[in-house]
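For reference, the structure discussed in these notes is given below.
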Amino acid sequence: MEKRLTFKRLKRLTGTARRRFRTVMDWCPDEEIKAAKAQLWSVNRNALLLLTRIEKKELVIVCAVGRELIDACVYLLAAAKMQGLHSIRFHTLKPAFVRLIQRHFPFQLIDIKQGGERVLRMVIHG
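1166 is the number of the first residue of the sequence shown in the working numbering; add one for each residue after it.
Right, here's the structure in full:
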């Protein structure tokens, strides 16, 4: 059975989000969030924090930190389909995340950047 999650869009980077993102990112997304180029989401009261943006016809999960990511992906996929997006792209520094998400969804590893960042994509339409 699908787990019920609550998503709340945050208009600014909170102290909690800043501390948690700092553990997995080497830059601060403050300006992107303020300029509405990226969206910050709190899932289940900060159990999971997501930094997202839409590029062309692709939902990009720039960063995810916390629990319940697999459950949240069900909602992200539904939202991307409803918006007519063609794909979802994830960025992560954690190889274990790649194995976890590929166990549940048909994401393909498309790039490993210098520094170990992995980029995964799942095609929805197209």
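Don't be surprised by glycine CBs; every beta carbon is placed ideally from N, CA and C.
Judging by CA-CA distance, which residue of Leu1178, Asn1211 and Arg1184 is the nearest neighbour of alanine 1201? Of the candidates Leu1178, Asn1211 and Arg1184, the residue whose Cα lies closest to the Cα of alanine 1201 is Leu1178.
Give me the residue from His1290, Leu1205, Trp1206 and Leu1234 with the minimum Cα distance to alanine 1261. Considering only alpha carbons, the answer is Leu1234.
Supposed contact pair aspartate 1236 and leucine 1170 - C-beta distance, whole angstroms, cut 8 Å: Rounded, the Cβ-Cβ distance is 6 Å, consistent with contact.
My guess is that cysteine 1228 and leucine 1213 are in contact by the Cβ rule of under 8 Å, so how many angstroms apart are they, rounded? With a beta-carbon spacing of about 11 Å, cysteine 1228 and leucine 1213 fall beyond the 8 Å limit used to define contacts.
Return the CA-CA distance between valine 1225 and leucine 1205, expressed in angstroms with no decimal places. Between valine 1225 and leucine 1205, the C-alpha separation is close to 12 Å.
In terms of residues, what are the limits of the beta strand (DSSP E) holding cysteine 1193? Segment: none, cysteine 1193 is in no beta strand (DSSP E) and carries neither H nor E.
Go ahead and pull the three-state DSSP assignment for isoleucine 1266. DSSP places isoleucine 1266 in helix when its eight states are reduced to three.
Please report the distance separating the alpha-carbon of lysine 1278 from that of methionine 1190. So the alpha carbons of these two residues sit roughly 14 Å apart.
If you reduce the DSSP assignment to three classes, tell me which class lysine 1173 lands in. Three-state result, lysine 1173: strand.
Give, in chain order, every unbroken run of the beta strand (DSSP E) that is at least 3 residues long and sits entirely within the region 1210-1254. Counting only runs of 3 or more, we get 1213-1220 and 1223-1231.
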